[in-house]
Structure formats: structure tokens, C-alpha cells
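Chemist: Before anything else, here's the structure in question.
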Amino acid sequence: MNHSEMRLVLAGTLLTGVSYGLARFAYGLFLPSMREDVGLGPAIAGIIGSGAYVGYCLAIVASALLVERLGARRVAIAAALVAAGGMTIVAISTSALWLAGGILFAGLSTGLASPPMAQAVSTSIATARQGRANTVINAGTSLGVAVSGPVAFVATGQWRLAYAAFAVAALLNALLLLVTMPRANAGTGRQSGSRQEEPRGGLWRPRALMLVVAATSTGLASAAYWTFSSDVIISRGHLGQGVANVMWILIGVAGLAGAATGDLVARFGLNVVHRGVLAMLALSLWLLVLSPSSLPTVFVSAGLFGAAYIMLTGAYLVWGVRLYADRPAIGLGLPFLMIAIGQVIGSPLAGYLIGSAGYTVCFVVFALIALATVLAGYRPDDRQKEWREEAAATQGACRKRGASGLPGSTIHHFYMPAMPPLGLIDKIGRSIGDWFHSVRR
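All residue numbers for the sequence shown refer to our numbering, where the first residue is 4 and numbers rise by one.
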């Protein structure tokens, strides 16, 4: 990669880490201190978590559409500024209302951040190097999750100072994005002085149904682990919170293995990778309830889950941008949204099963859901192939003319996984499970 490409990748990696690792995930880790300082009750904490998750869904839809109208540069900078603004409000909040507003506002940055980076890479980096660029950007997500645990240990009781530092980091990231993001309107394929082209395909396509089913099902299957894995090892395995923290860090570190997804898809095909990694996800769910008191088993389960989740999300984004080769921001936003919807459904369902049948039955059922998802497979069609070939030809022509922005793109290896909001929907699953259990009695 040349110098400008490396700067873009660095800025995108930092944006992913700031939005996911700091603006989003730090809430759950600092929540105990926050509750003591501002009087945040359990009910309000649950409302904040649910609201932030809905906000994420709305923001990623808006971002995918805004990128096509405003360009990747403006939306990416806006994501960093939203993160900075929200975390500043959190740092200075003195009441539950202000804290809630800051957390919700900062959380929007997660949904805003990903689509513009998909467009920026597709328009500024040669196709042969896009896979590597995007896997490095993706590492920002896993690193953000991995470092959130140590930050919580170091900044115990000092959450305001931590959030102030996070806000400064977000502002610096916005400045870096300002000088590194391409100025061309990547979403519409418009260069300076050229006529804006309308996207050639609509939002719904016949073969999008399989992507919707697969992404939703994977989001559903993963929800049990994200929401209740700590409960399993603490309640059933009688391990401490410290072990749960280490497990969480391991999930993030293992996610770095997802950097191989692009190369694996290129070598073995999307369907082979998709089905193989779904088996990893199912195994991670089964292992956790097989022996929740065994540290080796718990840590192997965490490693498998972290790697499987990142790689599956990457596979769906490769799938999405192939399906929407003419509208890559939409190709990214659709699977992100469906994974999120699956997790919204999956967490209450997990709580229901735990309350009625126990942890073992719940996790085995969710493992079977993961295995059943292998029935949904990717099938290209001639129109998608035509769009990809036209986009690649246009990109090559623009490079010959020395254009600074490269309209259109085929992103064969692109992925930037979306991690869920670490336990923010835990209240939904617990409440429904407890209610069902009380009714049964």
C-alpha cells in the first residue's frame, strides 16, 4: 500500500475502535461506577441499553443511505464527531437523564461508522489490496473489544476521566478522517465536475432473501452467547467475575483471526467458509454448557466464538457487497441490520428458554439454530456479475485518467464485522425469562 492508502486504513481502524470499542462497549464495563455516582437504577440502565440498540439499527440504515447522497467522507467524520459529542456528555453528566442521553447519542456512531468506510476503501484502494485494507480496518473492532476489559480494570472508579479521554481520541480521529478520506462522492460514483449517476439497482433483489435469512439466523444464534455466557460460567460453573472478564478479552483477541476471512473466501468459496464457520459457532455454544467449570473448555469456547462471529459477519458482508456491487454501502448495511434484528429476537428467546428449561437446553437449541443456518447459501446471478465487471472496468479507466476518486467497485473480500452491544439487551432476556418462570409456577 502507498502512503495515502495506509493513512486511510489507519483512520478507518481508529474509527472502528472509537465507535465500537469506546462509544458503545465501554458503557457496560463502567456501568457499576456510573450507577453509584448518578443514581442510575437497573430499570433505567436496561432502557438505555435497549434504546441504544434500536438507535444502532436506525443509524446504520441512515448511514448506508446518506453515504450515497453526501459521500463517505462527510458521514465518517460525522460518526467520529457524534462519538466525541456523546462521550463528552457522558463525562460531564450529573444526572441519569444526561447520562442516558450521552450514551444513546454516542452509540449512534457505531451505526454511522461502517458504511462510509466500505465506500472509502472501494473508491480509494486498488481492488487487489481492498481485502487486506478492510481486514486491518476490521481489526479495530476486535481490538476495541479486547482492550475494553483492561481499560475497565485500570480506570476503576474514574469513568468520567476515561470518557473525557475517549472524547479527545474521537476528535483526533475526526481530524485524521478529514485529511485522509477521499473527497469524491463515493456513494454515487461522482467525481469532481462529473454528472451524478443514479444507482443501477433497487434496494430489494430476488436473491437478497437468503442473505437476510442467514444473517438474521446467525444474529439470533449468537445472542445467547453475547447475553448469557457470563451467567453460565458464574452461575453454573461457579467461576468469578474476573474469569468472565478474561473470557471477554479472549473473545476480542480471537476475533483477530477474522482477518483471514477474505483470503479463505477467495480460496475455498463463500459457501464453504460460511458453513464451516457456522459449525465453529455451534461448537462454541455447546462447549460452554458442556463443562462451564473447566477453564480450558471455557477459554476454548470463547476463542471459537470470537473467531467464528467475526468471520461470519465478514462472510455476510462479502455476500452483501457482491449482491449489491453497484451500491456497496447498502451491501454492508443490510447484513449489519439483519444481524442486529436477529440479536434483538435471540436475547429474549434465550431468556425464555433459560427460565423454562435451563442453560443447557438453551445453548443446545441455539447451537442447532447455527447448524440449521448452513441451509442458506450464496448464489450469484448474471446481473450481479455484470455490475461487478462494469464497476471494475470503470475503476480501471479512472486510474488511467489519474482520477482521485474511483466510482463504483467490486469488493470481493470486504468485511467489517459489527459486534453487538455487550449485554445491553441482557435486561430484555432476563425479564422475559423471569416472567415466564413465574407464570409457570
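All residues carry an ideal CB built from backbone N, CA and C; glycine is no exception.
All of these numbers come straight from a predicted model, not from anything done at the bench.
Taking the straight line between their C-alpha atoms, what separation do you get for I63 and A83?
Modeler: 14 angstroms
Chemist: Along the alpha helix (DSSP H) that carries P209, what are the first and last residues, could you check?
Modeler: Under the DSSP assignment, P209 falls outside any alpha helix (DSSP H); it carries neither an H nor an E label.
Chemist: Please confirm whether M314 and G261 have their CB atoms less than 9 angstroms apart.
Modeler: yes
Chemist: For L178, does the count of other Cβ atoms within 10 angstroms reach 16, so buried, or fall short, so exposed?
Modeler: Exposed.
Chemist: Is the CB of S297 under 9 angstroms away from at least one CB in chain C?
Modeler: Annotation note: the requested chain C is absent from the structure, which comprises a single protein chain.
Chemist: Where does P383 sit, in a helix, a strand or coil, going by DSSP?
Modeler: coil
Chemist: Decide if P118 is buried, meaning its Cβ has at least 16 other Cβ atoms within 10 Å, or exposed.
Modeler: buried
Chemist: With DSSP run on the structure shown, which of helix, strand or coil describes A183?
Modeler: Note that residue 183 corresponds to Thr in the displayed sequence, not to Ala. The answer is helix: DSSP assigns T183 an H, G or I state.
Chemist: What do you get for G243, buried or exposed, if any count of 16 or more other CB atoms within 10 angstroms of its CB means buried?
Modeler: exposed
Chemist: Between G380, L335, A103, W101, which lies nearest to S220 when the distance is taken from Cα to Cα?
Modeler: G380
Chemist: Determine the extent of the alpha helix (DSSP H) in which M4 is found, giving its start and end residues.
Modeler: Taken as a continuous stretch (DSSP letters only), M4 belongs to no alpha helix (DSSP H), as it is neither H nor E.
Chemist: When the Cα of A447 is compared with those of G240, G317, I106, which residue comes out closest?
Modeler: For residue 447 there is no data in the structure shown, the boundaries of the chain being 4 and 444.
Chemist: Is A217 near T113, with beta carbons less than 9 angstroms apart?
Modeler: no
Chemist: Tell me which same chain residues have a C-beta within less than 6 angstroms of the C-beta of Y327, skipping the five on either side of it?
Modeler: I333, G334
Chemist: Under three-state DSSP, which class holds G20?
Modeler: helix
Chemist: Among R330, L371, V21, A373, which one has its Cα closest to the Cα of R72?
Modeler: Of the candidates R330, L371, V21, A373, the one whose C-alpha sits nearest the C-alpha of R72 is R330.
Chemist: Locate the alpha helix (DSSP H) running through A109, then write down its first and last residues.
Modeler: 99 to 127
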